[in-house]
Structure formats: structure tokens, C-alpha cells
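For reference, the structure is listed below as C-alpha cells.
There are 2 protein chains.
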Amino acid sequence: MTRILHTLCGADVARPFSPHCWKAVMALAHKGLDFDERPVPFLDVPKIEHGFAKIVPVLRDGDRLVSDSFDIALYLEDAYPDRPTLFNGEGGKAMARFVEGFSQMVIHPAISRIALLDIHATLDAENRAYFRQSREAAFGKTLEQVVIDRDRELKAFPEKLWPLRRMLGHQPFIGGEGPLFADYIVFGALQWVRVTAGVTLFPDDDPVKAWFERCLDLHAARGRHVTAA
Amino acid sequence: MTRILHTLCGADVARPFSPHCWKAVMALAHKGLDFDERPVPFLDVPKIEHGFAKIVPVLRDGDRLVSDSFDIALYLEDAYPDRPTLFNGEGGKAMARFVEGFSQMVIHPAISRIALLDIHATLDAENRAYFRQSREAAFGKTLEQVVIDRDRELKAFPEKLWPLRRMLGHQPFIGGEGPLFADYIVFGALQWVRVTAGVTLFPDDDPVKAWFERCLDLHAARGRHVTAA
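Here the protein sequences line up with chains E and S, keeping their order.
So the first sequence is numbered by this note's numbering: it starts at 1 and just counts up by one.
So the second sequence is numbered by this note's numbering: it starts at 230 and just counts up by one.
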């Protein structure tokens with residue numbers, strides 16, 4: 001197969017967890033494109049495609065290489081216009097950037113404060129050392145200090161999802177009647193937690209939970225096939 | 230003129246302030262449609278169009294009556310397809326609901342905790358009494374108690390705008406290269422504060438401020454023509 005998606009894993013290659021990689025996986029599946037997912041640990045990322053990018057996901061599609069999950073979605077939309085759309089028009093493309101802003105700046109920081117040590121625990125010894133060093137430098141504190149208010153963060157988490165919950169009063173997906181790339185942006189973040197940390201992010205009767213379960217079922221339950229931590 | 234937009238004002242009819250009404254004003258202006266804006270105080274809302282709706286805005290377009298700002302935008306998009314689009318496609322229509330969820334559930338509550346007494350102060354005596362009674366019942370506390378942490382809320386406000394700020398690193402409007410209804414959703418909320426409360430919501434070098442100023446300049450500076458409090 002000439003279509004390869006390079007993604008990220010911990011010690012277990014069967015349990016890729018990166019939120020950005022999950023966005024790309026779901027985007028490819030949404031387009032109905034066959035691809036070979038090749039998860040690697042953090043330390044092997046610089047070796048992917050002879051050092052094409054410092055980050056995953058990286059998509060090889062024949063001769064074409066693309067990195068960054070949003071750029072991959074834009075590329076797929078452009079390259080495969082006859083397949084199911086990922087944006088449903090230019091307005092959807094623009095507003096997916098707003099959803100990305102929400103995911104990156106509201107959901108991701110909260111997840112770090114909840115799951116950073118759990119992510120660390122999924123790695124092998126060598127990658128743990130790298131992860132600890134790089135993340136502690138980025139946060140300016142130890143991993144243990146980042147998650148020191150984990151219980152409080154977990155309790156506060158459902159409150160942060162009100163924009164999504166309110167929207168779900170109007171429609172089943174961020175994309176409207178069906179999912180679009182914007183759904184995969186938020187799904188990726190929550191799947192990251194599901195795969196790495198054995199925590200409950202929302203109450204059972206939360207419409208956000210129902211939406212997340214719908215996303216897990218999409219594309220032959222691609223997301224659900226990786227078991228929860 | 231047969232196109233009338235019923236909106237909301239305080240004691241000064243020249244300074245309409247409702248966030249939802251501003252969304253509808255900007256949507257009509259975006260479509261390049263002439264309309265007669267008729268602001269009324271809270272207590273006169275039930276008299277609009279023989280009691281058509283309990284809320285403003287209410288649009289009369291010939292024989293057609295529409296209430297609710299989002300429904301007005303959907304109506305205009307449908308009724309005037311040859312005019313500039315408010316959603317730029319079905320994806321944009323769906324994701325505008327996410328932006329609405331963010332505005333309603335993150336920005337609006339913060340604004341209440343900042344500006345509720347300022348809004349009260351813009352009303353005449355009779356409407357003040359109504360506003361106090363109805364809002365105190367809704368919040369379960371006095372207006373003074375709602376704004377008790379006003380200074381802290383103001384300081385925390387820029388932090389809440391990170392989804393927008395992050396997005397503005399990619400594009401000048403929520404709608405992409407130009408504004409769409411989603412921009413007016415957030416603009417309406419911030420204009421509500423601008424018109425009623427003499428406060429600074431963001432630092433001068435904040436990209437969100439630059440975006441808000443761009444919105445104030447749109448459509449012959451319709452938003453800017455109402456002076457700030």
C-alpha cells in the first residue's frame with residue numbers, strides 16, 4: 001500500500017494515543033481511503049520518512065508527504081473531492097479552526113493536568129525519560145506537579161464542555177447531521193484520555209458522552225477497537 | 230419600508246445593546262438589506278407585532294415574522310441566496326452552532342458577572358424594576374451579588390477568549406477571510422458590554438481586540454456608530 005499514516009504509540013504498538021494522530025486516522029477513514037497506520041514511539045518520530053517532520057501524524061500518499069493533522073485534512077479534502085467531505089464547504093473549513101482553538105486551548109491543557117502521568121506510564125523506559133525531560137522543560141515543573149490537582153481538574157472537566165453540550169441540543173454532531181473533521185478534532189482529544197488514563201470524563205447521562213460514543217462507533221468502530229485504559 | 234427589525238434598548242433609544250439583536254442587525258447589514266431598526270425597552274417587548282414573540286429580535290420581512298437571531302440568520306440565508314452568504318455552506322451553518330454554544334455558555338455568563346448592574350443602569354425606572362425582579366429570580370441572588378467579583382471576572386476575561394485568539398493566528402475572521410454569522414455571534418456579546426459598561430475587556434495588543442475593531446468597522450461601521458459606555 002502506498003498510503004501510510006505515521007502515528008504515535010507507547011510501549012504497546014496496538015494502542016496509539018496521540019490526539020492529533022487520531023484526527024488524521026478518522027479523517028482518512030471518513031474519506032473511505034485505505035491506509036497503513038504505523039505507530040512509533042516518541043524517540044522514533046524524527047526518523048519517520050527520513051526526518052520529514054518533527055511531529056506526527058505524517059501522511060505518505062504515494063509521492064506526497066503531509067504533516068499536521070489539519071493540513072492532512074485540508075490535503076485530503078483537496079485531493080479526494082469526490083469522497084465524503086470533511087468540511088462541508090468553506091465556512092466549515094474556517095470554523096473548524098475555531099473548534100481547533102477550543103480543543104487546543106481549553107481541552108488539551110485540562111487533559112495535561114489530568115493525564116500527563118498516565119501518558120508517561122504507557123511508554124517504555126527510554127521514551128519515559130525523553131517524555132519527562134521534554135515535558136518538564138515545557139511546563140516548567142515536574143510531571144507530578146502538573147497533575148497535582150488531578151481530582152479537581154477531573155471534577156471541573158465536564159463544565160468546560162458546555163459549548164459542545166449546548167450545540168448538541170441542536171444537532172447530533174459538530175458537523176451537523178453527520179460528523180465532519182471538527183468532530184474528529186474534539187474526539188481526538190477525548191480518545192487520548194480514553195486510551196491512556198482510566199478515568200471517567202463525563203457523567204453517564206451527559207449528551208457529550210453520547211456524542212463521544214457515537215464517534216467511537218464511526219468507521220467500523222475504528223476508535224473503539226483500541227481498548228480503554 | 231416593510232422590513233423591520235425590532236430590537237432592545239434602555240432609556241436611550243439610540244443605544245440598542247442586546248447581544249442577540251446585534252447579531253440580527255449585523256446579519257441584515259451583511260446581506261445588504263435595508264431595514265428599519267425599532268428598539269424598545271424590555272417592558273414593551275411583549276407588545277411587538279401583537280405579541281408575536283416573548284423575545285427580541287423580531288424580524289418583519291413583508292408578511293413574514295421571524296424571532297431568534299439564529300433563526301433570523303437561517304431565514305435570511307434561505308430567502309436571499311443571491312446576497313452575500315452568512316454561513317458559506319452547510320458545514321459553516323452547523324459549526325456556527327458550536328460558536329453559539331461557546332458564546333452562550335462561556336462569554337455570556339462572564340459578561341453577566343461583569344456588566345449586569347451596568348445594563349440595569351441604562352434602563353428607565355420602570356424597566357429597572359422589571360429587570361431587577363426578573364434577573365434576580367433567574368440568578369437566585371441580587372444583581373449586586375451577581376457582580377460581586379466583577380474585578381476578578383474582568384481580569385479573568387481575556388483567558389476565556391483563547392479559542393478565538395488561537396484561531397486568529399490562522400485567519401482574520403471566524404468565517405475565514407471575511408466575516409460570517411459566527412463572527413456576529415461573538416461580536417454581539419462583546420458589543421453588549423461595549424455599549425453598556427465602561428470597561429476594557431482585553432489588552433490593546435490582543436488579536437481579539439483587533440478582530441473586534443474590524444467587526445466594529447464592518448457595514449459602514451454600524452457597530453461603531455453606537456458610542457461606547
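Think of the CB as a built atom: it goes at the ideal place given N, C-alpha and C, for glycine as much as any other residue.
I340(S) lies in the alpha helix (DSSP H); which residues open and close that run?
What you label residue 340(S) is simply residue 111 of the second sequence in a count that begins at 1. Element bounds for I340(S): 337-350.
Counting only C-beta atoms, is E319(S) closer than 9 Å to chain A at any point?
Of the protein chains in the structure, E and S, none is chain A.
Can you name the residues of chain S whose CB is closer than 8 Å to the CB of A162(E)?
Numbered from its first residue, the first sequence carries residue 162(E) at position 162. As written in the sequence, residue 162(E) is Trp, which differs from the Ala given in the question. Those are G330, M334, V335, listed as they occur along chain S.
Coarse secondary structure for F173(E), derived from DSSP in three states:
What you label residue 173(E) is simply residue 173 of the first sequence in a count that begins at 1. DSSP places F173(E) within a strand segment (E or B) once states are collapsed to three.
On the CB-based measure, 16 or more other CB atoms within 10 Å of its CB, does G176(E) come out buried or exposed?
Your numbering for residue 176(E) matches position 176 in the first sequence. With 16 or more other CB atoms across the displayed protein chains lying within 10 angstroms of its CB, G176(E) is buried.
P310(S) to A339(S) span [Cα, whole Å]:
As a position in the second sequence, residue 310(S) is number 81, starting the count at 1. As a position in the second sequence, residue 339(S) is number 110, starting the count at 1. Straight-line Cα distance between these residues: approximately 36 Å.
Kindly indicate which three-state DSSP category P432(S) falls into: helix, strand or coil?
For this step, residue 432(S) is matched to residue 203 along the second sequence. Look at P432(S) here: in three-state DSSP terms it is coil, with no helix or strand label.
Please decide whether H249(S) counts as near chain E, where near means a Cβ-Cβ distance under 9 Å.
Counting from 1 along the second sequence, the entry for residue 249(S) is found at position 20. By this cut-off, H249(S) is not an interface position.
Is L419(S) close to chain E, meaning its C-beta is less than 9 Å from at least one C-beta of that chain?
By one-based count along the second sequence, residue 419(S) stands at place 190. No - not a single Cβ of chain E is within 9 Å of the one on L419(S).
Chain S beta carbons: is any one of them nearer than 9 Å to that of E177(E)?
Counted from its first residue, the first sequence places residue 177(E) at position 177. Cβ-Cβ to chain S under 9 Å: yes for E177(E).
Between F187(E) and the rest of its own chain, which residues show a CB-CB distance below 6 Å, the 5 nearest in sequence each way excluded?
Numbered from its first residue, the first sequence carries residue 187(E) at position 187. The residues are C215.
Host alpha helix (DSSP H) of H30(E) (start-end)
Here residue 30(E) refers to the residue found at position 30 when the first sequence is read from its first residue. 19-30 is the span of the alpha helix (DSSP H), which, as asked, contains H30(E).
Please state whether the Cβ-Cβ distance between L5(E) and F35(E) is less than 9 Å.
Taking the first residue of the first sequence as position 1, residue 5(E) is located at position 5. Taking the first residue of the first sequence as position 1, residue 35(E) is located at position 35. Result yes, Cβ atoms of L5(E) and F35(E) sit closer than 9 Å.
Let me know the alpha helix (DSSP H) ranges lying completely inside the region 39-110 of chain E, each 4 residues or longer, listed in chain order.
Fully enclosed alpha helix (DSSP H) runs of 4 or longer: 69-79, 90-102.
With a threshold of 16 other CB atoms inside 10 Å of the CB of H20(E), please say whether the residue is buried or exposed.
As a position in the first sequence, residue 20(E) is number 20, starting the count at 1. It counts as buried.
Of the residues H120(E), P57(E), E213(E), D206(E), the one placed nearest E37(E), counting alpha carbons only:
Numbered from its first residue, the first sequence carries residue 37(E) at position 37. Per the C-alpha coordinates, the member of H120(E), P57(E), E213(E), D206(E) positioned closest to E37(E) is P57(E).
Taking 9 Å as the threshold (C-beta atoms), are L143(E) and L201(E) in contact?
Counting from 1 along the first sequence, the entry for residue 201(E) is found at position 201. Counting from 1 along the first sequence, the entry for residue 143(E) is found at position 143. No, these two residues do not count as a Cβ contact at 9 Å.
Looking at I114(E) and V199(E), is the spacing between their C-beta atoms short of 9 Å?
Within the first sequence, the letter at position 199 stands for residue 199(E). Within the first sequence, the letter at position 114 stands for residue 114(E). Cβ atoms of V199(E) and I114(E): closer than 9 Å.
For the region 247-261 of chain S against the region 212-226 of chain E, are there 3 or more C-beta pairs whose distance is under 8 Å?
Cβ pair count under 8 Å is below three, so no.
Are any of the Cβ atoms in chain S nearer than 9 Å to that of Q133(E)?
On the first sequence, residue 133(E) is found 133 positions in, with the first residue counted as 1. No, because no Cβ of chain S sits closer than 9 Å to the Cβ of Q133(E).
Pair within 9 Å by beta-carbon distance, H448(S) and H279(S)
Reading the second sequence from its first residue, position 219 is the one you call residue 448(S). Reading the second sequence from its first residue, position 50 is the one you call residue 279(S). No. Outside cutoff.
Per-residue burial, G101(E) [other beta carbons within 10 Å of its own, 16 or more giving buried]
Against the first sequence, residue 101(E) aligns to sequence position 101. For G101(E), the number of other beta carbons within 10 angstroms of its own is at least 16, and it is reported as buried.
Using 8 Å as the threshold, is the region 314-324 of chain S in touch with the region 77-92 of chain E, meaning 3 or more CB pairs across them?
The region 314-324 of chain S, when compared against the region 77-92 of chain E, does touch it at the 8 Å Cβ threshold.
Who pairs with L5(E) in a beta bridge, going by DSSP?
Against the first sequence, residue 5(E) aligns to sequence position 5. Beta-bridge pairing links L5(E) to E37(E), L59(E).
For I461(S), which residues in chain E fall below 9 Å Cβ to Cβ?
Since the first residue shown for chain S is 230 and the last is 458, residue 461(S) is missing from the structure and cannot be characterised.
Within 10 angstroms of the Cβ of T227(E), are there 16 or more other Cβ atoms? Answer buried if so, exposed if not.
Reading the first sequence from its first residue, position 227 is the one you call residue 227(E). Burial call: exposed.
What residues from chain S crowd round L74(E), counting only those whose CB sits closer than 7 Å?
As a first step, residue 74(E) is located in the first sequence; it is residue number 74 there, counting from the start. The contacting residues do not exist; L74(E) stays about 11 Å from chain S at best.
Quick one: list the residues of chain S neighbouring M167(E), beta-carbon separation under 8 Å, in chain order.
Translated into the one-based positions of the first sequence, residue 167(E) becomes position 167. Simply R326, F327, E329, G330.
With distances taken Cα to Cα, identify the nearest neighbour of R165(E) among P203(E), R128(E), Q145(E).
To locate residue 165(E), count along the first sequence from 1; it is residue 165. Nearest option by C-alpha distance: P203(E).
Does the separation of the CB atoms of T351(S) and T425(S) fall below 9 Å?
Here residue 351(S) is taken as the residue at index 122 of the second sequence, counted from 1. Here residue 425(S) is taken as the residue at index 196 of the second sequence, counted from 1. In contact: T351(S) and T425(S) (Cβ atoms closer than 9 Å).
Please go through the same chain and pick out, in chain order, the residues whose beta-carbon is closer than 8 Å to the beta-carbon of V328(S), but skip the five residues on each side of it.
The residue given as residue 328(S) occupies position 99 in the second sequence. Short of 8 Å from the beta carbon of V328(S), and not among the five residues preceding or following it, lie these beta carbons of its own chain, in chain order: I403, A411, I414, V415.
Taking Cβ positions, are R289(S) and R232(S) nearer each other than 9 Å?
Numbered from 1 along the second sequence, position 60 holds the residue referred to as residue 289(S). Numbered from 1 along the second sequence, position 3 holds the residue referred to as residue 232(S). Contact flag set, yes.
Hey, could you find the ends of the alpha helix (DSSP H) L180(E) is sitting in?
Your numbering for residue 180(E) matches position 180 in the first sequence. Looking at the DSSP string, L180(E) is not in any alpha helix (DSSP H), and its letter there is neither H nor E.
Out of M396(S), A282(S), T314(S), P275(S), point me to the one whose CA is closest to D297(S)'s CA.
Looking up residue 297(S) in the second sequence gives position 68. Comparing Cα positions, the closest option is A282(S).
Pull up the CB-CB distance for V375(S) and S341(S), whole angstroms please, since I reckon it's below 8 Å.
One-based indexing of the second sequence puts residue 375(S) at position 146. One-based indexing of the second sequence puts residue 341(S) at position 112. For V375(S) against S341(S), the beta-carbon gap comes to about 6 Å, under 8 Å, which counts as contact.
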